[in-house]
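Visitor: First to last, the protein sequences are chains A and B. Once you know that position 212 of the first sequence is 212 in my numbering, the rest is easy, because the numbers rise by one and skip nothing. Once you know that position 147 of the second sequence is 1147 in my numbering, the rest is easy, because the numbers rise by one and skip nothing.
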Amino acid sequence: MEIPYTVTARPDTGLWNAKIGIWLFLASEIMLFGGLFSAYVFLRIGADAANPWPHGLLNVPVGTFNTFVLISSSMTMVMAWASLKMRKFAQYRIYMGLTILCALAFLCVKAYEYNDKFHHYGVWLKNGEFITGHLEENTPESLTILPDIHHEGRHFWPETEHGAPREIKKADIRRWSNFTPKFSPFFAIYFTLTGLHGLHVFGGMVVNIYFWLPGSKLYRTNPEHLANRVEVSGLFWHFVDLVWIFLFPVLYLL
Amino acid sequence: MEISASPAHVHHGEEHAHEHHDPGFLGKYVFSTDHKVIGVQYGVTGLIFLFFGFCLMLLMRWQLAYHGQPLPVLGPVLAKIFPKEMPGGVMTPEFYNSLGAMHGTIMVFLGIVPIAFAAFGNFVVPLQIGAPDMTFPRINMASYQAFFIGGVIMLVSFFCPGGAAKGGWTSYAPLADITDRAPNMFFTGQTMWLIGMVFLITSSLLGSVNFITTIIQLRAPGMTWMRLPFFCWAQLITAFLLLLAFPPLEAASVMQLMDRVAGTSFFLPTGLVVNGEIVNISGGGSPLLWQHLFWFLGHPEVYVLILPAMGIVAEVVANNTRKPLWGYKAAVFSALTLGFLSFIVWAHHMYLTGMGARVSSFFQTTTILISIPSVIILTALLLSLWGGSIRFTVPMLFATAFMPMFGIGGLTGIPLAFNAVVLYLHDTYYVIAHFHYIVAPGTIFALFAGVYYWFPKATGRMMNEFLGKLHFWPSLLFINGIFMPMFLQGMAGVHRRWYDGGASYDLAKPVLHWNAFMSWSAWLLCVSQFPFILNFFWSIWFGKKVDHNPWHATTLEWEAPSPPPHGNFLKPPVVHRGPYEYSVPGSEDDFIPQGKA
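(1) Just to confirm my understanding: we take Leu1425(B), look at its own chain, exclude 5 residues before and 5 after, and list those with CB closer than 8 Å. What are they?
(2) Assign Gly14(A) to one of three DSSP states: helix, strand, or coil.
(3) With a threshold of 8 Å between beta carbons, is Ser233(A) in contact with chain B?
(4) Going along the chain, which residues of its own chain have a beta-carbon closer than 7 Å to the beta-carbon of Gly63(A), five neighbours each way excluded?
(5) I need the DSSP call for Ala1560(B), collapsed to helix, strand or coil.
(6) Between the Cα of Gly1075(B) and those of Glu1250(B), Phe1054(B), Val1090(B) and Val1494(B), spot the shortest distance and give me the residue it belongs to.
(7) If you follow the alpha helix (DSSP H) that Asn1515(B) is in, where does it begin and where does it stop?
(8) From what residue to what residue does the alpha helix (DSSP H) around Thr1191(B) run?
(9) Can you give the Cα-Cα distance for His1018(B) and Tyr219(A), rounded to whole angstroms?
(10) How close, in whole Å, do the beta carbons of Ala1252(B) and Trp1290(B) come, if the pair is a contact with beta carbons under 8 Å?
(11) Taking Asp12(A) as the reference, give the member of Ala1314(B), Gly1222(B) and Pro1174(B) with the closest Cα.
(12) Can you pull out the residues from the region 1040-1052 of chain B whose beta carbon lies closer than 8 Å to at least one beta carbon of chain A?
(13) Leaving out the 5 sequence neighbours to the left and right, which residues in its chain are closer than 6 Å to Val250(A) when beta-carbon positions are compared?
(14) If you run the structure through DSSP and keep just helix, strand and coil, what is Met1001(B)?
(15) Quick check: what's the CA-CA separation for Lys1036(B) versus Met1255(B)?
(16) In whole angstroms, give me the CA-to-CA distance for Val7(A) and Thr1135(B).
(17) Can you list, in chain order, the residues of its chain with a C-beta nearer than 6 Å to that of Tyr5(A)? Leave out the 5 residues immediately preceding and following it.
(18) At the 8 Å Cβ level, is Val1209(B) part of the contact set with chain A, yes or no?
(19) Could you give the uninterrupted runs of the alpha helix (DSSP H) lying entirely in the region 1123-1158 of chain B, keeping only those of 4 residues or more?
(20) Using a Cβ cut-off of 8 Å, which residues of the region 1213-1242 of chain B contact any Cβ in chain A, in chain order?
(21) Going by C-alpha to C-alpha distance, which of Phe1267(B), Ile1139(B) and Ile1106(B) sits closest to Asn1122(B)?
(22) Taking C-beta pairs closer than 9 Å, name the residues in chain A that Pro1395(B) reaches, listed in chain order.
(23) What's the gap between the Cα of Ile1216(B) and the Cα of Met79(A)?
(24) Looking at the structure shown, is Ile131(A) part of a helix, part of a strand, or coil, going by DSSP?
(25) Which residues, in chain order, does the region 161-195 of chain A contribute to contact with chain B at a C-beta distance below 7 Å?
(26) Less than 8 Å between the C-beta atoms of Cys102(A) and Thr76(A), yes or no?
(27) Please list, in chain order, all residues of the same chain as Phe236(A) whose beta carbon is under 6 Å from its beta carbon, the five residues on each side excluded.
(28) Does Ala1164(B) come out as helix, strand or coil in the three-state DSSP assignment?
(29) Which class does Asp1034(B) belong to by DSSP, given the choice of helix, strand or coil?
(30) Mind checking if Asn1280(B) is an interface residue toward chain A, Cβ cutoff 8 Å exclusive?
(31) Of the residues Leu58(A), Leu32(A) and Phe106(A), which one's Cα is nearest the Cα of Phe118(A)?
(32) Grab the span of the alpha helix (DSSP H) containing Asn178(A) for me, first residue to last.
(33) Just mark Glu161(A) as buried or exposed, buried being the case when its beta carbon has 16 or more other beta carbons within 10 Å.
(34) What did DSSP end up calling Phe1052(B) once you bin it into helix, strand or coil?
(35) Given this structure, state the Cα-to-Cα distance separating Ala49(A) from Ser1360(B), to the nearest angstrom.
(36) Which stretch, first to last residue, makes up the beta strand (DSSP E) that contains Pro52(A)?
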């Protein structure tokens, strides 16, 4: 039994099956990320003078670099597909390899950013004061913090200068935590959105690795089918890229 | 899968085909990619879950009618299995809440959707459009597996410390966020509910992508859009609803999971006090956000439950009245309108949250608008009966009962569209009665109609007619015995979540005596399902053997052998006419199959 229109297009719809399938899947993905973006809107509306929406906590140059990495990977992805269409297999191997390399680079940079956040702390004191900085020492009675020196206005770089070590008694602390999801609504939505996006990057990378190595055997028997498959994974890859294009300004810049 | 002309590949193809003849038990029944087997898997699993969810409700009905008394017969057994939740066979309030939450979850997400959409859709749609299978058979298999895992997680959650989820089937925050605060938040009922939900949503995503692509791509030659049986239209629109409405709940589930496991405050407001103490959280979240995201799924979900049922009823009605479906085009366009409007009515579940009068009036208007296409479809079905020579077969009995039952459910919903009325009726038994009339004697009756109607196609044998009638008449009687008094209780102000059924509330006194009546109706309804269970298994092996088209139906699935082989049709079907050409003047038979030239 053969399922028709897996490789060739159905004449009246002009499409082969997987192409419709991936577009429907992407429609569903838009609703998924749409749900999370609406959560971002709700949280941001809920921010008030007592709990203001934070700015300047993320590293804009690093985020910009990652944006370029992803955009480049989208370009190499198109080139990989075009190479298959032109039946240039060696070229396909190179471009697909570059795409995978970019995905890997993106994830590494993201891991560096996450790690940086996990080592940054914020402390709310009972007298209303709020201190951020690096943790020097943590004893049962007190914390020692190297506080960030704050500058006026929005920042491109998170604070890197530190003041003199400051010892805070645990009894004076209302709440303290490192910059993890539980720290604030901003970090909650930041980690959830970028985490889910990171999972998508990882998933797309795994699929591309499959088409790069074992899956590319299909080229010998049916190159058009392989080109179609790469087109489908490419559409997904562009979508993942597009999500980042929205995430970057929403989380880093606005 | 690719077509190749070289002899080596033909040979390879033959070998492959040979393998298919004996895929073994696991390959044939468990890890099958055949849409018919997957449909049956979904159907049987769904029926089991449906019965299980029903049993949860039977336990609750004991508590409502005879609150505080130990459960007879089953009490000691349950006391052994759940010593904390059922001490001495008496239900604790926490366990009652768990049963309520899980009854709703299991009935909707593990019972009705899998049967109405996945089981009938999988089995019937490819046959009706003349396709050899679904477009993505392996994704289809993965969809069932994800559903199965989700179901198992939901069942296992009863044995988590603290029991299964107890925040209602809607899992409203902040209640659902903060229940079962345990050292290990992962193994708690509510967390399991969320993880199970993610699996179920994945399953419906894979299913809906497959359905839509199949209907677009694999229609047989000549099967134009307006020759598509109404059932296929209903499934197509349902698939779109599942595709687009479910992901926001997935997003919400992920966020509630973060709230419970990672300590975030997506749905927890600043200064939240639990048990007299301010919770140590960042705050700044919004409980309303959960409700918006939940009902953004929740309302299209209602149409996911009802559209396939309408599709089944349309097929059965056309076949048993022996005349074309009245207003086929109007019904199709109404279903499309219904699908669109169902996305912009969700906040009528939230009138009492203080959204503001303007938002409320918007949703009030859209809610009233959506009743128009629903009424058009119901009218089309009703008018189809006019002047027909009706055969009251068992599927037709269920299909005819669907119409007034769904009518009662729909018409009692109109008052609930209005803001002012909801102030009084919100969260009372009136609401319970309203939506149960739609999904229980409405959708579930249509599902039974579908099982009786397509059973001969799946097995090659007819279900027993006497047992079918013995199933139908008591079911119709008792199901009304359960839900009709709920309207009275609801209008008297009885709240849907009272653990003692209202015994400790003065306002409930005049309608309290209905509790025992409804409970006995429920238990007798359970008894009336035994003829069906018996009939189902008996007919698989001993039912009357029939040919490929026992109902003299017109649609394509009846041109395939019963049961259809792998690949469905003996020769590729070609469609020459519309789906319901019954009693055509001048024709020899009273039906002309779609494939007849």
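Cβ atoms here follow ideal geometry from the backbone N, Cα and C, with glycine treated the same way.
Guide: Looking at the coordinates:
(1) Pro1415, Leu1416, Val1431, Gly1490 and Met1491
(2) coil
(3) no
(4) Phe248 and Tyr252
(5) coil
(6) Val1090(B)
(7) Trp1514 to Ser1528
(8) Gly1189 to Gln1217
(9) In this predicted model, His1018(B) has a pLDDT of only 44, less than 50, meaning its place in the structure is not dependable enough to derive any value.
(10) 6 Å
(11) Gly1222(B)
(12) none
(13) none
(14) Unreliable placement is indicated for Met1001(B), whose pLDDT of 36 sits below 50; no coordinate value is reported for it.
(15) 36 Å
(16) 12 Å
(17) Trp16 and Asn17
(18) yes
(19) 1137-1156
(20) Thr1213, Ile1216, Gln1217 and Leu1218
(21) Ile1139(B)
(22) By Cβ distance, chain A contributes nothing, its closest Cβ being about 30 Å from Pro1395(B), past 9 Å.
(23) 30 Å
(24) strand
(25) Arg175, Pro181, Lys182, Phe183, Ser184, Pro185, Ala188 and Thr192
(26) yes
(27) Gly204
(28) strand
(29) coil
(30) yes
(31) Leu58(A)
(32) Premise fails: Asn178(A) lies in the beta strand (DSSP E), Ile173 to Asn178, not in any alpha helix (DSSP H).
(33) exposed
(34) helix
(35) 29 Å
(36) Counting along the chain, Pro52(A) falls outside any beta strand (DSSP E), and DSSP gives it neither H nor E.
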